[in-house]
Amino acid sequence: MKTDRVSTGTPALDEMLGGGLERRAITQIYGEPASGKSTLCLMAAVASLRAGNSVVYIDTEGFSVERFSQVAGESAGTLADRLYLFEPLDFAQQGTMIADSEGLLRKNGHAPVGLLVMDSATALYRTELDLGREAIRKLSHHMIKLLGLAKKYDIPVLITNQIYMDIERDRAEGLGGTGLEHLSKAIIRLEKKDGVRRAILRKHRSRPEGLTFDFVLTEDGIRTV
543 MKTDRVSTGT
553 PALDEMLGGG
563 LERRAITQIY
573 GEPASGKSTL
583 CLMAAVASLR
593 AGNSVVYIDT
603 EGFSVERFSQ
613 VAGESAGTLA
623 DRLYLFEPLD
633 FAQQGTMIAD
643 SEGLLRKNGH
653 APVGLLVMDS
663 ATALYRTELD
673 LGREAIRKLS
683 HHMIKLLGLA
693 KKYDIPVLIT
703 NQIYMDIERD
713 RAEGLGGTGL
723 EHLSKAIIRL
733 EKKDGVRRAI
743 LRKHRSRPEG
753 LTFDFVLTED
763 GIRTV
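Below, the structure is given as structure tokens:
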């Protein structure tokens with residue numbers, strides 16, 4: 543029997559999220575470069591693969607086979623057979639590949655897709671910023687499509703987001719404006735200082751905002767401290 547939550551492969555993150563990633567919803571992780579976003583995505587993907595599922599992984603920043611192998615360990619070769627990797631080169635291709643992934647989600651036989659990851663949802667969006675509102679409209683369309691897939695196929699979607707400095711608020715915020723924030727049911731912010739990362743819950747429908755845990759990056763993933 544399916545539960546409403548899917549493990550992230552990180553117990554502290556599962557606890558923060560009330561049991562894991564929510565099905566039929568988008569969970570967003572945002573933070574500065576090298577804060578641990580991609581590692582948390584890989585750990586969630588490996589957890590789903592180890593549970594016997596397939597995983598759709600859309601990577602816009604250069605998928606690291608080496609890091610996947612570190613996180614997956616000795617079973618990396620076997621698990622990789624069920625990892626469907628898409629690597630769009632521009633923003634238009636990103637939208638096309640999101641749509642194309644539905645063909646994999648339709649398969650209900652052996653090892654159905656249990657998770658869709660997009661790392662990062664906004665890297666290619668940065669190249670479209672000169673288009674103004676049109677860029678935001680395109681990004682919203684991509685995210686609405688992802689949310690539609692999550693609901694239609696009863697899976698969680700995990701995305702990462704880059705940051706920009708909000709001059710008025712004097713703090714770093716996630717790219718994509720209020721639209722991306724609205725479409726994400728849970729949002730986690732990552733910060734780093736002196737080699738230690740901190741995960742902070744920014745938004746959740748049933749968990750209190752402000753929950754935190756600290757971690758360090760390790761060869762095989764992360765370790766809470």
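With the sequence shown counted from 1, adding 542 to any position gets you my numbering. Virtual Cβ for every residue (Gly too), placed ideally from N, Cα, C.
Considering only the alpha carbon of each residue, which of the options lies closest to residue i?
i: valine 534; options: Leu584, Leu591, Tyr572, Ser662; result: With the chain represented from 543 up to 767, any question about residue 534 goes unanswered, as that position is not in the structure.
i: alanine 586; options: Lys694, Tyr706, Lys727, Met660; result: Met660
i: glycine 656; options: Val767, Thr766, Ser549, Thr754; result: Ser549
i: arginine 565; options: Leu717, Gln635, Gly651, Ala728; result: Ala728
i: isoleucine 774; options: Glu557, Val613, Ala665, Asp546; result: Only positions 543 to 767 of the chain appear in the structure, and residue 774 is not among them; the question remains open.
i: alanine 665; options: Thr720, Gly674, Ile697, Leu631; result: Leu631
i: leucine 691; options: Glu710, Ser590, Phe757, Gly645; result: Gly645
i: glycine 594; options: Leu671, Ala677, His652; result: His652
i: leucine 732; options: Lys687, Gln704, Tyr667, Gly721; result: Gln704
i: arginine 739; options: Gly752, Val767, Thr720; result: Val767
i: isoleucine 600; options: Thr545, Ile678, Ile640; result: Ile640
i: serine 590; options: Glu670, Pro575, Lys579, Leu563; result: Leu563
i: leucine 621; options: Lys734, Arg592, Ala554, Glu670; result: Arg592
Using the C-alpha atoms, what's the distance from residue j back to residue i?
i: phenylalanine 633; j: glycine 604; result: 15 Å
i: aspartate 623; j: leucine 647; result: 16 Å
i: leucine 559; j: glycine 619; result: 30 Å
i: glycine 763; j: glutamate 723; result: 27 Å
i: glycine 561; j: glutamine 635; result: 34 Å
i: serine 662; j: isoleucine 701; result: 6 Å
i: aspartate 708; j: alanine 714; result: 6 Å
i: arginine 547; j: serine 577; result: 24 Å
Residue i: buried (16+ other C-beta within 10 angstroms of its C-beta) or exposed?
i: serine 768; result: Absent from the model: residue 768. The displayed extent of the chain is 543 to 767, so no value can be given.
i: histidine 683; result: exposed
i: aspartate 736; result: exposed
i: valine 597; result: buried
i: valine 588; result: buried
i: serine 748; result: exposed
i: aspartate 672; result: exposed
i: phenylalanine 718; result: The sequence given here has glycine at residue 718, not phenylalanine. Per the 10 Å Cβ criterion, buried.
i: isoleucine 678; result: buried
Since I believe residue j is in contact with residue i (beta carbons under 8 Å), could you give me their beta-carbon distance rounded to a whole number of angstroms?
i: serine 643; j: phenylalanine 628; result: 7 Å
i: glycine 637; j: lysine 680; result: 7 Å
i: proline 698; j: threonine 569; result: 6 Å
i: glycine 674; j: tyrosine 572; result: With a Cβ gap of about 22 Å, glycine 674 and tyrosine 572 do not count as contacting.
i: threonine 581; j: leucine 759; result: 6 Å
Would the C-beta of residue i count as close to the ligand NAD, meaning under 6 Å from any of its heavy atoms?
i: glycine 562; result: Absence of the ligand NAD is noted for the structure shown, with no ligands found whatsoever.
| message | Report the start-end ranges of each alpha helix (DSSP H) in the stretch 605-692 that is 4 residues or longer and not cut off at the edges. | response | 607-614, 618-622, 633-642, 644-647
| request: Enumerate, from N- to C-terminal direction, the unbroken alpha helix (DSSP H) stretches of 4 or more residues contained entirely within the stretch 721-761. | output: none
| said: Report the start-end ranges of each beta strand (DSSP E) in the stretch 544-610 that is 3 residues or longer and not cut off at the edges. | reply: 568-573, 596-601
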